[in-house]
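Below you'll find the structure, written out as structure tokens, and then a few comments.
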Amino acid sequence: MTSLPALVPFAALPALVPFAALASTGRLLGSMSGLVCGAQRRLPAHTAFARSHGTATGHAGIVGGAGLSHVKDAAQAFGANQSSSSPSFATSGVAPHPGMKAPSPPTDDEVEACWRPVYDTAYLEKVKPFHITPERLYQRIGFRAIMAARWTFDKLTGYGPNMTEAKWLQRMIFLETIAGVPGMVAGVLRHLKSLRSMKRDHGWIHTLLQEAENERMHLLTFFELRKPGPLFRASIIVAQGVFWNLYFIGYLVSPRTCHAAVGFLEEEAVKTYTHALQEIDAGRLWKGKVAPPIACEYWGLKPGASMRDLILAVRADEACHAHVNHTLSGLPATAPNPFAYGASQLP
Ligand SMILES: [Fe+2]
Ligand SMILES: [Fe+2]
């Protein structure tokens, strides 16, 4: 629990978020299609990831580091494609900021840090819905909150059997915009706590931000398959304003309850993606459809991979988030993050 005085510096901040969202609504509605994918498309995807990724979240089925050498290759290829009059960041020709020394090409360690979730194929098929029984009070609170939210959302959106592809994508896009929030809020709050307390974070921040990044990649992938209309985008803005603030305040009050809630939320995501896989296997969903190229780049899928391959990878990500958040919820906030890059034994 965080003491009341610790809440004071943040009291005004949550209230600003909806205003920030509203202020940007015009720009969002005008340029959303370019905003979401533009940055990734201007660069080879691996180069973009190379600039945005942090350390790794350990998980049993992830082939850690597999395919990373071609992150380096892509970074170098990107540099090689530039004319000599416009040398690139990747080839040390220009510094990203005036006065900064031009960087060397990425070292193997730096390439190692450009993490993408590449899974063992046999493992992907083994991921199944699972449930941690909520025993402690904070777990029961988190579980009840998620069950109530899911029941309400399912009723409002007509979730059930035989949904159309459009309805599936609508659901996935909306929920992934929400799922990308908790990791970022928690990462930001732990970062701020480290700053104001002048104490180390013990490795949690990167894992949390990485989860947010991973959820954003789910969103960007599904966005390739369906472009939402203005009303849908407006609902996302409202939902983000509400959920960011709720989670922000919740995390200040009880981080372990929030991690437990996310653990149960991710359990529900595994159930939903398993349902989607059953629909695919029954031939009712995405028959013969291939995964978007952005997904093949990110998850290291073979070219021409199917939507089934993609959903298997997304489900494995969600199972990983559930495991990570359930584990973090049971740890003291000052404990070392067992999923930090370089950890030798995973929980
Ligand atoms: Fe997700
Ligand atoms: Fe997730």
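Mind the numbering: the sequence shown is residues -23 to -1, 1 to 324 in mature numbering (1 follows the signal peptide of the UniProt record, and there is no 0), read in order. Even glycine gets a Cβ: it sits at the ideal position worked out from N, Cα and C.
Option nearest residue i by Cα separation, candidates the options
i, options, result
"Phe130", "Lys103, Pro313, Ala293, Arg148", "Arg148"
"Glu142", "Phe316, Leu308, Lys266, Leu169", "Lys266"
"Leu197", "Lys144, Phe220, His168, Leu152", "Leu152"
"Ile213", "Leu166, Cys297, Val158", "Val158"
"His183", "Ala156, Met175, Leu166, Val239", "Leu166"
"Gln116", "Ile257, Glu188, Thr234, Ala163", "Thr234"
"Gly137", "Ala293, Thr251, Tyr318", "Thr251"
"Ile109", "Asp294, Ala237, Arg177, Ala272", "Ala237"
"Ala189", "Ala163, Arg177, Pro207", "Ala163"
Outcome for residue i when other beta-carbon atoms lying within 10 angstroms are tallied against a minimum of 16
i, result
"Asp286", "buried"
"Glu102", "exposed"
"Met194", "buried"
"Phe107", "exposed"
"Arg113", "exposed"
"Phe316", "buried"
"Gly119", "buried"
"Leu305", "buried"
"Met175", "exposed"
"Arg177", "exposed"
"Ala33", "Bear in mind that a pLDDT of 38 at Ala33, under 50, signals an unreliable position, so the number given afterwards is only what the model happens to contain. By the neighbour-count rule (16 or more Cβ atoms within 10 Å), Ala33 is buried."
"Pro111", "buried"
"Ala156", "buried"
Contact check, residue i vs residue j, beta carbons under 8 Å
i, j, result
"Gln217", "Thr154", "yes"
"Pro313", "His179", "yes"
"Ile123", "Phe241", "yes"
"Met161", "Leu133", "no"
"residue 325", "Arg203", "Since the first residue shown for the chain is -23 and the last is 324, residue 325 is missing from the structure and cannot be characterised."
"Ala299", "Glu243", "yes"
"Val247", "Val95", "no"
"Glu245", "Arg127", "yes"
"Asn302", "Val239", "yes"
"Trp181", "Leu262", "no"
Alpha carbon of residue i to alpha carbon of residue j, nearest angstrom
i, j, result
"Asp97", "Gly277", "11 Å"
"Pro205", "Val215", "15 Å"
"Ala282", "Val291", "13 Å"
"Met140", "Ala259", "13 Å"
"Ala268", "Leu289", "11 Å"
"Tyr228", "Ala125", "19 Å"
"Ile226", "Ala296", "26 Å"
"Met284", "Leu169", "39 Å"
"Leu223", "Pro232", "12 Å"
"Ser171", "Gly307", "20 Å"
"Ala99", "Arg173", "45 Å"
"Gly191", "Asp294", "The amino acid at residue 191 is misidentified as Gly; the sequence shows Asn. When rounded, the distance between both Cα atoms is 8 Å."
"Ala253", "Tyr318", "32 Å"
"Val219", "Pro324", "33 Å"
"Pro207", "Ile257", "29 Å"
"Glu201", "Arg121", "33 Å"
"residue 328", "Gly135", "Residue numbering for the chain in the displayed model covers -23 to 324; residue 328 lies beyond these limits and cannot be assessed."
"Trp221", "Ala272", "27 Å"
"Pro280", "Arg93", "16 Å"
Short CB-CB distance (under 8 Å) between residue i and chain B
i, result
"Asn314", "The structure shown contains no chain B; it holds only a single protein chain."
Minimum length 4: unbroken alpha helix (DSSP H) runs contained in the stretch 146 to 207: DSSP runs (the alpha helix (DSSP H)) wholly in the stretch 146 to 207: 181 to 200.
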